Amino acid sequence: MAQDAAAPRGAPASDIDPFTREHILDPYAWHHRLREMGALVWLTKYQCFFAPRYAEVHRIISEYQTFSSAAGVGYTNFNKEKPWRQPSMLLEADPPDHTKRRAVVGRILSAPNLRGFRAGFEVEANKLIDHLLEVGEVDAVPDVAQAFVLKVFPDAVGIADGDRTNLIKYGTMVFNAFGPQNEIFDDSVRDLGEVGPWIMERCQHKNLKPGRLGDQVYQAVAGGQITAEEAPILVRSFLSAGVDTTIYGAGNALWSLATNPAEWAKVKANPALAKPAFEEVLRYESPFQTFFRTTIEDVELAGITIPGNEKVMVNMGSANRDPRKWDRADVFDISRDVRGHVGLGYGIHACIGQMISRLEVDVLLSELARRKIDFEVSGPTQHIVHNTLRGFAKLPMRFKQGS
Ligand code: HEM
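Under my numbering, the first residue of the sequence shown is numbered 3, with each subsequent residue one higher.
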C-alpha cells in the first residue's frame, strides 16, 4: 500500500484508491486501516472526504438537511457536472420532492401490500430446489440467485416474461456510475446497446401487467398523488435498484451460510431464523458498500469543517464492520443483535425496496431450511469487480438432501 500523503484541512489523508480492482476485491483490510486513521479521512486521489466509521456514516445518512442526495449519491457532483441520465426521483432527490414520491412508493412496497406475493415466491423457490437436488452442483450466481430473483421480482413488478438479463446489465451500469468514471465503469457500459431504451419501454404503463407493483404506481397518477411524468421514472427505480442488489444479497447469503455451517444448522433447525440470518448477511457482506452525499453548507463533523458543495463518501460496508459498534465485527453470527446495521441505509433514504428483497431471500432460505437442504462451496469463487456493490460473479456450490 502507498504511503499516506500530508493531511489537509486537519484530517488525516490517504492516497488509497477505493476503486482499484485490488481494493474492491479485498476491502476489509483497507477499511480497517482507514477506520483506524480517523473518523474522516481525506482521499487525495479523489479530493473528497471518506467516512469509514459507523457513527459518522450514521450521522451523514441521517442528516439529509446538511448532506444532500439531490447532487447525486455517486462521485459526480450534479451541481458541477451534468448527470448521465435523468436522476432517480427517490435516491437522487431531497425533500420536499422526495417526500411525496416516497409516500406513494413506500405504500406500494410496504409489507402489508406485498403479503400476497409470498405463496407464489414459495412455489418458485421449491421448483428451483427440486432442480438443485436433481443436478447437485451449480454456479449459484446464475443458477440460484439470478434464476430466482429474475423470476419473482420482475413478475411482482409486472414485467413481461422473456429474457430479463438486460435488468442486470442496467443495474450494473447504474451502480457502477456511482463511482468515478474509471475502467470498471467503462466496462459496464460497453456493449450496452439498447438497454436504456429497453428499460424505459418496460416501464410504460401499457407494458406492465395489471394489478402488480408497477401498475400500482400508475394508479397513483390517476389518484393525483404523482404526475404522469414521474410514474415511469419511479417504476424504473424498482428495476435499477431492485435486481442486482438482491441477486448479490442472495449470493452473499448462500456463501455466508455455506462457509459457516454451524449457523446454517441453526436455520435448518428453525427456518424462522432465515430472517435474522439475512440481516446479519446485510451487515457482514453488505451488497451495497458505498454511497456519496454532497454538503449543502459548511458542516463540522468529528472536529473537521467540511466546506459546502463537497462530496463525502460514506462506506456502509466499513461501518457495518466497525468494532466501535459491533462486537466481534468480523464474525458471522446470526444470533447477534444486528439492529442498526446500515446495509439498507438509514433515515429518509433507507432502502424503500427492503421489504420485497427481504421477502425474496427469506423465502429462498427458509424453504431450503424447511426441506433440510445442505450446501457447500464446491470450487474457487470469484467476486464481482464493481464500484459500489459487493457480491459474487462465480459461486460454485453443491446442494444435497440433508437431515
Ligand atoms: C438486498 C437488496 C438491497 C440492498 C442491499 C439495497 C440497499 C439500499 C441502500 C443502502 C439504500 C440507501 C441509499 C442512500 O442512502 O442513498 C437503498 C435505497 C433504495 N433502494 Fe434499495 N437495496 C436493496 C433492494 C432494493 C429493491 C428490491 C428495490 C426496489 C424494489 C430497491 C429500491 C431502492 C430505492 C428506490 C432506494 C432509494 C430510496 C430513497 O431514496 O428514498 N432496493 N437501497
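Glycine included, C-beta positions come from ideal geometry on N, C-alpha and C.
Just so it is clear, the structure is predicted and the values come from calculations on it, not from any experiment.
{"Item": "Rounded to whole angstroms, what's the CA-CA distance from phenylalanine 377 to alanine 255? Just pull it up for me.", "Value": "12 Å"}
{"Item": "Which residues in the same chain have their Cβ closer than 7 Å to the Cβ of valine 387, if we skip the five residues on either side of it in sequence?", "Value": "Arg23, Ile26, Leu27, Ile186"}
{"Item": "Can you find the residues in the same chain that come closer than 6 Å, C-beta to C-beta, to glycine 12, ignoring five residues on each side of it along the sequence?", "Value": "Ile306"}
{"Item": "Please report the straight-line C-alpha distance between proline 182 and tyrosine 286, rounded to a whole angstrom.", "Value": "25 Å"}
{"Item": "Near valine 365, what residues of its chain come up, given a Cβ to Cβ distance below 6 Å and the 5 sequence neighbours on each side ignored?", "Value": "Phe123, Glu124, Ala127"}
{"Item": "Assuming contact is defined by CB atoms lying nearer than 9 Å, are isoleucine 62 and valine 316 in contact in what I supplied?", "Value": "yes"}
{"Item": "Have a look at Asp145, Pro212, Asp339, Ala352 and flag the residue whose alpha-carbon is nearest the alpha-carbon of glycine 253.", "Value": "Asp145"}
{"Item": "In the DSSP output, what is glutamate 378 paired with across the bridge?", "Value": "Arg400"}
{"Item": "Please report the distance separating the alpha-carbon of leucine 93 from that of lysine 327.", "Value": "26 Å"}
{"Item": "Does at least one heavy atom of ligand 2 sit under 8 Å from the Cβ of glycine 305?", "Value": "Ligand 2 is not part of the structure shown, which contains ligand 1 as its ligands."}
{"Item": "Measure the C-alpha to C-alpha separation of lysine 102 and glycine 198 and round it to an integer number of angstroms.", "Value": "26 Å"}
{"Item": "Among Lys313, Ser288, Asp335, whose alpha-carbon lies nearest the alpha-carbon of alanine 321?", "Value": "Ser288"}
{"Item": "Using the beta-carbon count (16 or more within 10 Å), is arginine 87 buried or exposed?", "Value": "exposed"}
{"Item": "Can you name, in chain order, every residue of its own chain whose Cβ lies under 6 Å from the Cβ of aspartate 188, other than the five neighbours on each side?", "Value": "none"}
{"Item": "In the DSSP assignment, what residue or residues form a beta bridge with isoleucine 306?", "Value": "Leu303"}
{"Item": "To which residues of the same chain is proline 309 closer than 6 Å at the C-beta, ignoring the five residues directly before and after it?", "Value": "Asp300"}
{"Item": "Is histidine 343 helix, strand or coil when you go by DSSP?", "Value": "coil"}
{"Item": "Are there any heavy atoms of ligand 1 lying less than 8 Å away from the beta-carbon of leucine 370, as far as the coordinates show?", "Value": "no"}
{"Item": "Determine the contact status of glutamine 283 and threonine 297, defining contact as a CB-CB distance below 9 Å.", "Value": "In the sequence as presented, glutamine is not what sits at residue 283; that position holds valine. Not closer than 9 Å, so no."}
{"Item": "Across which residues does DSSP place glutamate 317 in a beta bridge pair?", "Value": "What sits at residue 317 in the sequence shown is asparagine, not glutamate. DSSP lists Thr292 as partners of asparagine 317."}
{"Item": "Flag cysteine 353 as yes when its Cβ comes closer than 8 Å to any non-hydrogen atom of ligand 1, and as no otherwise.", "Value": "yes"}
{"Item": "Go ahead and pull the three-state DSSP assignment for glutamine 49.", "Value": "coil"}
{"Item": "When the distance is taken between beta carbons, is asparagine 178 closer than 9 Å to valine 159?", "Value": "no"}
{"Item": "Checking the sheet assignment: what are the DSSP bridge partners for serine 423?", "Value": "Beyond the ends of the chain as shown, which are 3 and 405, falls residue 423; an answer cannot be given."}
{"Item": "Closest to phenylalanine 401 by C-alpha separation, out of Ala142, Pro54, Ala41, would be which residue?", "Value": "Ala142"}
{"Item": "Could you give the DSSP three-state label for methionine 3: helix, strand or coil?", "Value": "Residue confidence is low: methionine 3 scores 38 on pLDDT, short of 50, so the model does not pin down where it sits. No coordinate-derived value is stated."}
{"Item": "Would glutamate 369 and proline 273 qualify as a contact pair, given that the criterion is a beta-carbon distance under 9 Å?", "Value": "yes"}
{"Item": "So what does DSSP say about leucine 27, is it helix, strand or coil?", "Value": "helix"}
{"Item": "Which value, in whole angstroms, describes the spacing of the CA atoms of aspartate 329 and alanine 57?", "Value": "15 Å"}
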